[in-house]
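**Student:** Pasting in a structure now, in structure tokens, and then I'll have a few things to ask.
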Amino acid sequence: MSLITLTTDFGTKDHFVGAVKGAIYSELPDAKIVDITHQISPFNITETAYILKNAYKSFPDKTIHVIGVDSELSIRNKHIALELDNHYFICPDNGLISMIASEIKPTKIFEINIHDRIESSFPVLDVFVQVASHIARGGSLSVIGKEVESYKKIIEIQPKVNEQQNIISGGVIYIDNYGNVITNISKKQFNTIGKGRDFKVTARRYIFTKIYNRYNEIVDYSATDNRQYDGERLAIFNSAGFLEIAIYRSNLETVGGASTLLGLEYRDTVTIEFENPVKPEFTALN
Numbered sequence: 000m001s002l003i004t005l006t007t008d009f010g011t012k013d014h015f016v017g018a019v020k021g022a023i024y025s026e027l028p029d030a031k032i033v034d035i036t037h038q039i040s041p042f043n044i045t046e047t048a049y050i051l052k053n054a055y056k057s058f059p060d061k062t063i064h065v066i067g068v069d070s071e072l073s074i075r076n077k078h079i080a081l082e083l084d085n086h087y088f089i090c091p092d093n094g095l096i097s098m099i100a101s102e103i104k105p106t107k108i109f110e111i112n113i114h115d116r117i118e119s120s121f122p123v124l125d126v127f128v129q130v131a132s133h134i135a136r137g138g139s140l141s142v143i144g145k146e147v148e149s150y151k152k153i154i155e156i157q158p159k160v161n162e163q164q165n166i167i168s169g170g171v172i173y174i175d176n177y178g179n180v181i182t183n184i185s186k187k188q189f190n191t192i193g194k195g196r197d198f199k200v201t202a203r204r205y206i207f208t209k210i211y212n213r214y215n216e217i218v219d220y221s222a223t224d225n226r227q228y229d230g231e232r233l234a235i236f237n238s239a240g241f242l243e244i245a246i247y248r249s250n251l252e253t254v255g256g257a258s259t260l261l262g263l264e265y266r267d268t269v270t271i272e273f274e275n276p277v278k279p280e281f282t283a284l285n
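Per numbering that gives the first Met the number 0: the sequence shown = residues 0 to 285.
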């Protein structure tokens, strides 16, 4: 049985997701299809990369991941199939692999060239499904295209580091269902550059001098009413290991989230500035 995941910006109102699943089942009746999400913001590559990077690792080896975001074929947006971390990815070469492959490099990358046999304005349905089915049957990637050495990289996924000024300058790459704002600054990078120094995180006009590991660390449980902490803003390293600006127990319909209450939006700048000099004894933040 083949395991295939779908990640798209199709939404669920239209026929697109159902058509793709139907095409997979027509090719592979015993396939198991898992929806990672179909609610990606339209054409949002960084959001796609963040979600997929933090989802694919939970699936077994040899899972096939079909990615349909900004997937229309063009001279500048080719289609690729690659093997990375014992998983297969079928996607447009639009830069989304940059974040997924930031620490683990692809084993093989092939540019898909079966388009001359398939006329399509819906490549996820007509092309990606064919490639996924071929891989699921044990077929070689070399059959679907020519091997290439690289993939398109987008620099906005990676934060900038100025070690002379002791600053990491990142940006908002994703806003989750709670309105929490996720940046591209990783905990690993924070520890590597910071080396235990005091710091301040700046997001618009808000400053944070502490980063939590759990949301409820902000709560003083000896207090008479713990509800007083609802709506408090905090910085946290989330479960994916990225710096997040959050509102404790946020609810977009009542309290609001960090994105709305703090006025933070996709691509907004978030910086961490470290004090000088480096402390002599350094223990990484767990």
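Just so it is clear, CB atoms sit at the ideal spot from N, CA and C, and this is done for glycine as well.
With the cut-off set at 8 Å, would you say K107 and E148 are in Cβ contact?
**Tutor:** No; because the gap between Cβ atoms is not below 8 Å, this pair is not in contact.
**Student:** Determine the contact status of K20 and M0, defining contact as a CB-CB distance below 8 Å.
**Tutor:** Their beta carbons are not under 8 Å apart, which means K20 does not touch M0 by this criterion.
**Student:** Could you have a look at S57 and say whether DSSP puts it in helix, strand or coil?
**Tutor:** Note: S57 maps to helix in three-state DSSP.
**Student:** Based on the DSSP output, what are the partners of N161 in its beta bridges?
**Tutor:** Paired residue(s): I166.
**Student:** Buried or exposed for S258, please, with buried defined as at least 16 other CB atoms from any protein chain shown within 10 angstroms of its CB.
**Tutor:** S258 should be labelled buried.
**Student:** Using three-state DSSP, classify S119 as helix, strand or coil.
**Tutor:** Coil, per DSSP.
**Student:** Roughly how many angstroms separate the alpha carbons of K77 and I111, rounded to a whole number?
**Tutor:** Answer to the nearest angstrom: the Cα atoms are 8 Å apart.
**Student:** With 16 as the cutoff for other CB atoms within 10 Å, does I74 come out buried or exposed?
**Tutor:** So I74 counts as exposed.
**Student:** Report the residue ranges of all beta strand (DSSP E) runs contained in full by the stretch 78-148; include only those spanning at least 3 residues, in chain order.
**Tutor:** Runs of the beta strand (DSSP E) inside the stretch 78-148: 78-83, 86-91, 107-111, 144-146.
**Student:** Rounded C-beta distance between L263 and R203? I'm assuming under 8 Å.
**Tutor:** About 6 Å; that satisfies the 8 Å criterion.
**Student:** Give the straight-line distance between the Cα atoms of L83 and N176, rounded to the nearest whole angstrom.
**Tutor:** Rounded to whole angstroms, L83 to N176 spans 28 Å at the Cα level.
**Student:** Measuring alpha carbon to alpha carbon, tell me which of P41, I153, G67, R248 ends up nearest A18.
**Tutor:** The shortest C-alpha separation from A18 is found at G67.
**Student:** Does the beta-carbon distance from T7 to I39 come in below 8 Å?
**Tutor:** Yes. Within cutoff.
**Student:** Since K12 sits in a beta bridge, which residues does DSSP pair it with?
**Tutor:** In DSSP, K12 forms no bridge with anything.
**Student:** Looking at the structure shown, is N176 part of a helix, part of a strand, or coil, going by DSSP?
**Tutor:** Reduced to three states, the DSSP call for N176 is coil.
**Student:** Taking just the CA atoms, how far does N179 sit from S57?
**Tutor:** About 22 Å.
**Student:** Since I66 sits in a beta bridge, which residues does DSSP pair it with?
**Tutor:** BP columns for I66 point to T6.
**Student:** Starting from the C-beta of K152, find all residues in its chain whose C-beta is less than 7 Å away, skip the five residues before and the five after it, and write them out in chain order.
**Tutor:** For K152, where only same-chain residues beyond five positions count, the Cβ hits under 7 Å are G94, S97.
**Student:** Excluding the 5 residues flanking R291 on each side, which residues of the same chain have their C-beta closer than 6 Å to its C-beta?
**Tutor:** Past the boundaries of the shown model lies residue 291; the chain is included only from 0 to 285, so the question cannot be answered.
**Student:** Where Y211 and L72 are concerned, what is the direct C-alpha to C-alpha distance, given to the nearest angstrom?
**Tutor:** Their Cα atoms are separated by approximately 43 Å.
**Student:** Alpha carbon to alpha carbon, how far is K187 from G240?
**Tutor:** Going by the C-alpha atoms only, they are around 8 Å apart.
**Student:** Could you tell me the alpha carbon to alpha carbon distance between F109 and I206, rounded to whole angstroms?
**Tutor:** For F109 and I206, the distance between alpha carbons rounds to 45 Å.
**Student:** What I want to know is whether the C-beta of Y173 ends up closer than 7 Å to one or more non-hydrogen atoms of the ligand MN.
**Tutor:** Among the components of this structure there are no ligands whatsoever, and the ligand MN is therefore not found.
**Student:** Going by alpha carbons, who is nearest to F15 out of T45, I63, V123?
**Tutor:** Closest by alpha carbon: V123.
**Student:** Measure the alpha-carbon distance for F198 versus V142 and round it to whole angstroms.
**Tutor:** Spanning the two alpha carbons is a distance of roughly 52 Å.
**Student:** Can you tell me whether DSSP reads Y150 as helix, strand or coil?
**Tutor:** Coil, per DSSP.
**Student:** Can you tell me the Cα-Cα spacing of Q129 and I89, whole angstroms?
**Tutor:** Roughly 10 Å between the two C-alpha positions.
**Student:** Based on DSSP bridge pairs, tell me the residues matched to Y205.
**Tutor:** Bridge partners of Y205: A202.
**Student:** Is the beta carbon of K79 less than 8 Å from the beta carbon of I166?
**Tutor:** The sequence given here places Ile at residue 79; Lys does not occur at that position. Taking 8 Å as the Cβ cut-off, I79 and I166 do not qualify as a contacting pair.
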